[in-house]
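Shown next, in structure tokens, is the structure this report addresses.
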Amino acid sequence: MALTVSPLENVGVEVSGFDINEPLTDEIKAELVSLWDEHGILLFRDQQIDPGSQIEFSRVFGELEMHPLKATTSDEYPELFMLINDPEKEKYMTATYKGQEMVSRLDWHMDLHYTGKPNRGAILRSVVVAKEDGLTGFGDLHKAYEALDEETKALLEKIEVVYSFSMQRKHMRYVDLEGYEPGLYSPRKPSDMQFPNFPDVAYPAVVTHPVTGKKVLEIAEQMLERIVAPHKAGLSNDEAVDLLERLVEHTRKPEFHYFHQWRDGDMILWDNWRAMHCATGTRPGTERVIHRTTITGNETLGRVVEP
Ligand SMILES: [Fe+2]
């Protein structure tokens, strides 16, 4: 093995021993892909990364796509999304959490999960690091699955879970709403953010990863709504809610998490079919720029639920 691999706290690994600006050999590319499959979350530090090298590097892991969110794209590099804290726009992303106003705080989720066809993965690179806060959390739902007891694993084989798209955080059933107040400008319906009205989507509670074959607990608290026909799995509606509450608590255990405090030159790749992520957000007025590239999800993992 040519690359150096060291574990991060709890989940994921840091990978070094290559230069992103040199052409990567097929051997190194294969090693990077196999580390991604094995660990799900890869951190790279101290690379001299420009947009071109980030895009080129991202292609090692699959075809790139345009993220449908209204983000700023670059004319020169259409595969690159620039997430910029802009004083004009940040008011729409501001809300109050336990008395503190925060911008772009995000609950645990997988990207495009609500469409049934999540992205395969993504790479974030910190270009301007927030002076405080602004952590990105990653949660390994394969490890979360492995840690379940056998009885729960068997029960989950019989269950599908529904995700229901909503713009208003207070409508989400399994996020922590204690001390939460939406902002004055928080979007209230999908069209406020140029989103369509997404139908509900159901996933098996345990998804077998299409590439690695690893089992993934398909529970992330953002937009999690209900269990499909719980009685078919021998559960009352009350037991179904209790089960989802218990599973969400399980995914919140720090042993499945890595929270990244950004430094200059850091870049993180994650497997969006396996790992959930979240953002702790920044205080209003914080300068921050992230460059993102997204790897297309070419498999449909969920199904649209007809009413
Ligand atoms: Fe995300």
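According to the working numbering, the sequence shown is numbered sequentially starting from 696. Yeah, the Cβ is synthetic: ideal placement off N, Cα and C, and Gly gets one too.
Cα-Cα separation between residue i and residue j, rounded to whole angstroms
i     : j    : result
H986  : L819 : 6 Å
N780  : E796 : 14 Å
E913  : A697 : 34 Å
Q863  : P877 : 8 Å
F752  : T989 : 11 Å
P949  : V700 : 22 Å
K765  : H837 : Summary for K765: the model assigns pLDDT 48, below 50, so the residue's position carries little reliability, and this model does not support an answer.
N716  : N814 : 26 Å
L996  : K884 : 25 Å
H734  : E852 : 24 Å
A1006 : T946 : For residue 1006 there is no data in the structure shown, the boundaries of the chain being 696 and 1002.
G929  : R921 : 15 Å
L850  : E760 : 36 Å
P782  : V798 : 10 Å
H952  : A839 : 10 Å
E1001 : R941 : 27 Å
D835  : D770 : 34 Å
P882  : A725 : 43 Å
Y792  : F756 : 36 Å
R740  : D961 : 5 Å
P746  : S821 : 11 Å
M788  : E758 : 30 Å
W965  : N993 : 16 Å
D844  : L939 : 15 Å
K927  : F893 : 26 Å
T981  : S886 : 27 Å
D933  : P899 : 20 Å
L778  : E846 : 43 Å
P773  : I744 : 17 Å
K909  : L727 : 18 Å
R754  : D714 : 16 Å
A935  : L879 : 34 Å
G790  : S931 : It is worth fixing the name first, because residue 790 is Ala in this sequence and not Gly. About 35 Å.
G712  : F954 : 23 Å
T975  : I723 : 33 Å
L872  : S861 : 15 Å
Beta-carbon spacing of residue i, residue j below 8 Å
i    : j    : result
M888 : Y809 : no
L830 : Q742 : no
I738 : I963 : It should be noted that the sequence gives Leu, not Ile, for residue 738. The answer is yes: Cβ separation under 8 Å.
T907 : D732 : yes
H904 : R800 : no
E785 : P979 : yes
T991 : A825 : no
V857 : V984 : no
Y869 : V943 : yes
Q749 : L775 : yes
V911 : V902 : yes
D895 : S859 : yes
V710 : P702 : no
Rounded distance between the beta-carbons of residue j and residue i, thought under 8 Å
i    : j    : result
N705 : G816 : That belief does not hold up - the Cβ atoms of N705 and G816 are roughly 19 Å apart, past 8 Å.
E855 : A915 : The Cβ separation is near 15 Å, so there is no contact.
F833 : I736 : 5 Å
H804 : M971 : 6 Å
D828 : C973 : In fact, because the Cβ distance is near 13 Å, the residues do not count as touching under 8 Å.
R998 : G811 : 6 Å
The beta strand (DSSP E) enclosing residue i, as first and last residue numbers
i    : result
E796 : 795-798
R941 : Per DSSP, R941 belongs to no beta strand (DSSP E); it is in the alpha helix (DSSP H), 932-946.
L778 : 776-779
A817 : 816-823
S711 : 708-711
F893 : No beta strand (DSSP E) contains F893, which DSSP labels as neither H nor E.
D966 : 962-966
M805 : Unbroken run through M805: none, as it is neither H nor E.
R921 : 919-922
K786 : Looking at the DSSP string, K786 is not in any beta strand (DSSP E), and its letter there is neither H nor E.
L912 : 910-912
Endpoints, alpha helix (DSSP H) assigned at residue i
i    : result
I723 : 721-734
F756 : Premise fails: F756 is in no alpha helix (DSSP H) and is neither H nor E.
T847 : 845-851
Y840 : 836-841
Chain D within 8 Å of residue i, Cβ atoms only
i    : result
I736 : Looking at the structure shown, chain D is missing, and only one protein chain is on hand.
Worksheet item: Of all residues in the structure, which have a C-beta closer than 7 Å to any heavy atom of ligand 1, taken in chain order?
Response: Counting only residues whose CB is nearer than 7 Å to a non-hydrogen atom of ligand 1, the list in chain order is L801, H804, D806, H972.
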